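Trainee: Attaching a single structure in structure tokens format; questions to follow.
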Amino acid sequence: MTTTPINNLAAVPFLALLDDNECRALGARLQSKSYQAGEEIFAQGQPGDSFYIVKSGRVKIFIESGDGEEIVLTESKAGDAFGEISLFDGGPRTATAVAASQAELLWLDRGRLLDFLSDFPHAALDLMAFMGRRLRETDELLRVIIARKPESKAAEENSTFDQISRSIRKFLSA
Numbered sequence: 273m274t275t276t277p278i279n280n281l282a283a284v285p286f287l288a289l290l291d292d293n294e295c296r297a298l299g300a301r302l303q304s305k306s307y308q309a310g311e312e313i314f315a316q317g318q319p320g321d322s323f324y325i326v327k328s329g330r331v332k333i334f335i336e337s338g339d340g341e342e343i344v345l346t347e348s349k350a351g352d353a354f355g356e357i358s359l360f361d362g363g364p365r366t367a368t369a370v371a372a373s374q375a376e377l378l379w380l381d382r383g384r385l386l387d388f389l390s391d392f393p394h395a396a397l398d399l400m401a402f403m404g405r406r407l408r409e410t411d412e413l414l415r416v417i418i419a420r421k422p423e424s425k426a427a428e429e430n431s432t433f434d435q436i437s438r439s440i441r442k443f444l445s446a
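If you read the sequence shown in the numbering used here, its first letter stands for residue 273, the second for the next number, and so on.
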């Protein structure tokens with residue numbers, strides 16, 4: 273794995289509020305790693321202390337329902353970031369990430385993030401603003417899913433929407 277400076281970090285939504293100087297400094301701290309299609313990047317429940325940016329390829333992010341059904345949350349493509357929840361709180365992974373195609377990822381661990389924030393403390397507010405927007409989007413998704421719940425308890429327990437809702441609640445509480 274090599275350290276990889278990159279010049280277009282501002283194009284990554286997670287980092288869009290950083291200024292040019294902050295992007296250069298953060299880019300110098302990123303590392304690169306390649307994954308083959310089908311290779312697991314991390315699994316739900318594993319310890320996590322890093323986040324990833326897709327440089328090329330695609331990554332499927334999913335959770336498992338209580339019934340073992342795979343619920344795809346998103347498929348990340350070049351420029352997308354994922355894994356930031358564990359980066360900030362140091363908790364276990366809330367989802368599983370698998371390379372959907374051959375992929376090259378840039379990643380940053382918590383120690384390098386703390387070094388970066390020590391040098392650029394204002395950047396913490398920019399990253400928190402992104403996390404706030406992400407939380408609002410998740411709240412809205414949960415609101416929509418709950419609004420579609422079926423009336424009967426038997427139907428509710430077996431509906432796809434309820435399974436997704438339970439999985440999202442589990443995802444948010446992890």
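Cβ coordinates follow ideal geometry from the N, Cα and C atoms, glycine included. Fair warning: this is a prediction, and the values are worked out from it, not measured in the lab.
Once DSSP output is grouped into helix, strand and coil, what is the label at valine 344?
Mentor: DSSP places valine 344 in strand when its eight states are reduced to three.
Trainee: Do you know whose CA, among Arg420, Ile418, Phe354 and Pro364, lies nearest phenylalanine 402's CA?
Mentor: Selected option, being the one with the closest Cα: Phe354.
Trainee: Find the nearest neighbour of leucine 302 within the set Tyr324, Asp352, Ile313 and Gly320, judged by alpha-carbon distance.
Mentor: If we check each option's Cα against that of leucine 302, Tyr324 comes out closest.
Trainee: Below 7 angstroms CB to CB, which residues in the same chain sit around alanine 396 once its five sequence neighbours on both sides are set aside?
Mentor: Leu389, listed in sequence order.
Trainee: I'd like the list of long-range same chain contacts for valine 344, defined as Cβ closer than 8 angstroms, with 5 residues on each side in sequence excluded.
Mentor: Here the set comprises Lys332, Ile333 and Phe334.
Trainee: Are arginine 365 and alanine 297 closer than 8 angstroms when you measure CB to CB?
Mentor: In this structure, alanine 297 does not lie closer than 8 angstroms to arginine 365 by Cβ.
Trainee: Taking the alpha carbon of glutamate 449 as the reference point, which residue from Leu380, Asp291, Ala367 and Ala282 has its own alpha carbon closest?
Mentor: Since the displayed the chain opens at 273 and closes at 446, residue 449 lies outside it and no answer follows.
Trainee: Assuming the contact rule is C-beta atoms closer than 8 angstroms, valine 370 and glutamate 311 should be a hit. Round their C-beta distance to whole Å, please.
Mentor: Indeed, because the Cβ distance is near 7 angstroms, the residues count as touching under 8 angstroms.
Trainee: Distance check for aspartate 381 and leucine 359, CA to CA, integer angstroms please.
Mentor: C-alpha separation (whole angstroms): 7 angstroms.
Trainee: How about glycine 338: is its C-beta nearer than 8 angstroms to some C-beta of chain C?
Mentor: Going by chain labels, chain C is absent from the structure shown, which holds only one protein chain.
Trainee: Please give the ranges of any beta strand (DSSP E) in the region 367-429, keeping only runs that are unbroken, at least 3 residues long and fully inside the region.
Mentor: Listed in chain order, the complete beta strand (DSSP E) runs (minimum 3 residues) inside the region 367-429 are 368-371 and 375-381.
Trainee: Whole angstroms is fine: what's the gap from aspartate 292's alpha carbon to glycine 299's?
Mentor: The alpha-carbon atoms of aspartate 292 and glycine 299 are separated by roughly 10 angstroms.
Trainee: For my contact list, serine 322 and alanine 350 are in at a C-beta cut-off of 8 angstroms; report their separation, rounded to the angstrom.
Mentor: Contact doesn't hold; Cβ gap of about 19 angstroms is too wide.
Trainee: In terms of alpha-carbon separation, which member of Asp361, His394 and Ser373 lies closest to valine 326?
Mentor: Residue Ser373 is the option with its Cα nearest to valine 326.
Trainee: Would DSSP call aspartate 291 helix, strand or coil?
Mentor: Coil, per DSSP.
Trainee: For alanine 297, which of helix, strand or coil comes out of DSSP?
Mentor: Reduced to three states, the DSSP call for alanine 297 is helix.
Trainee: Taking its Cβ as the centre, do 16 or more other Cβ atoms sit within 10 Å of leucine 290, making it buried, or is it exposed?
Mentor: That one is buried.
Trainee: Tell me which residue opens and which closes the alpha helix (DSSP H) that glutamate 356 is part of.
Mentor: From DSSP, the alpha helix (DSSP H) with glutamate 356 extends over 356-361.
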